[in-house]
Ligand SMILES: [Zn+2]
Ligand SMILES: [Zn+2]
Ligand SMILES: [Zn+2]
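Numbering (the working numbering), first residue to last: 2 to 170.
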């Protein structure tokens, strides 16, 4: 990531094996620390979510798991996803009804996302509180009680911007 500030997800030539490896390592350490069981299934689901930086649906995860284990049932996938979501290892992309791996796992945070509408890749926005403060301020001003903040920004990543667009007929 030397030549740009773009998040790894938007840099096609990054070492993605390392992303997967780091995600699994972090998950393992986190579960150990918290006394949670990082079962084979939970690990496999996390690996599958991290297969790339694109959101993956529970349905696609199940399809993938069934290739490996014919009797994989939907509830097992949902339970594994719930578990991973609760401890912030994966996030749900509401607009896609699908999941991505967390890029800063282990710390509790509100997640915000940039989603490329061409390559479908997602990057997590690291917000030092500015967006949160702006929302909180606006909510206070209008007497609104915030229960959750979903910020999903659609656009075109740097890599896709630099590619020539297929001409439209
Ligand atoms: Zn990666
Ligand atoms: Zn996150
Ligand atoms: Zn893109």
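Beta carbons are placed, not taken as given, at the ideal position from N, Cα and C, and that holds for glycine.
Do residue j and residue i come within 7 Å of each other at the CB atom, strictly closer than that value?
i: residue 31; j: residue 81; result: no
i: residue 97; j: residue 56; result: yes
i: residue 91; j: residue 100; result: yes
i: residue 59; j: residue 78; result: yes
i: residue 49; j: residue 85; result: no
i: residue 12; j: residue 54; result: no
i: residue 7; j: residue 165; result: no
Tell me which residue opens and which closes the beta strand (DSSP E) that residue i is part of.
i: residue 41; result: Residue 41 -> not in any beta strand (DSSP E); alpha helix (DSSP H) instead, spanning 41-50.
I need the boundaries of the alpha helix (DSSP H) containing residue i, first residue and last residue.
i: residue 80; result: 75-87
i: residue 142; result: 131-143
i: residue 34; result: 17-35
i: residue 148; result: No alpha helix (DSSP H) holds residue 148; DSSP gives it neither H nor E.
Go through its chain and collect everything with a Cβ distance to residue i's Cβ below 7 Å, but skip five positions before and after it.
i: residue 157; result: 117, 118, 119
i: residue 3; result: Only weak support exists for where residue 3 lies, its pLDDT of 43 falling under 50; the coordinates are left without a value.
i: residue 128; result: 113
i: residue 155; result: 116, 118
i: residue 20; result: 9, 51
i: residue 161; result: 117, 119, 120
i: residue 33; result: none
i: residue 73; result: 63, 66, 67
Measure the beta-carbon distance from residue i to residue j and round it to whole angstroms, keeping in mind my assumption that it falls under 8 Å.
i: residue 95; j: residue 153; result: 6 Å
i: residue 15; j: residue 24; result: With a Cβ gap of about 14 Å, residue 15 and residue 24 do not count as contacting.
i: residue 75; j: residue 63; result: 6 Å
i: residue 103; j: residue 138; result: Rounded, the Cβ-Cβ distance is 26 Å, inconsistent with contact.
i: residue 66; j: residue 45; result: 7 Å
What does a CB cutoff of less than 6 Å around residue i pick up in its chain, not counting 5 residues either side in sequence?
i: residue 147; result: 140
i: residue 106; result: 27, 89, 90
i: residue 29; result: 39
7 Å is my cut-off, CB to CB: does residue i come that close to chain D?
i: residue 51; result: No chain D is present in this structure, which holds just one protein chain.
What residues in its chain sit with their C-beta under 8 Å from that of residue i, if we drop five residues either side in the sequence?
i: residue 136; result: 147, 150
i: residue 18; result: none
Please enumerate, following chain order, all residues with a beta carbon closer than 7 Å to at least one heavy atom belonging to ligand 2.
89, 92, 103, 104, 105, 106, 110, 112, 125
Under a criterion of Cβ closer than 6 Å to any non-hydrogen atom of ligand 1, which residues qualify, in chain order?
9, 15, 17, 20, 54
Collect the residues with a C-beta less than 5 Å away from any heavy atom of ligand 3 and give them in sequence order along the chain.
117, 119, 120, 158, 161
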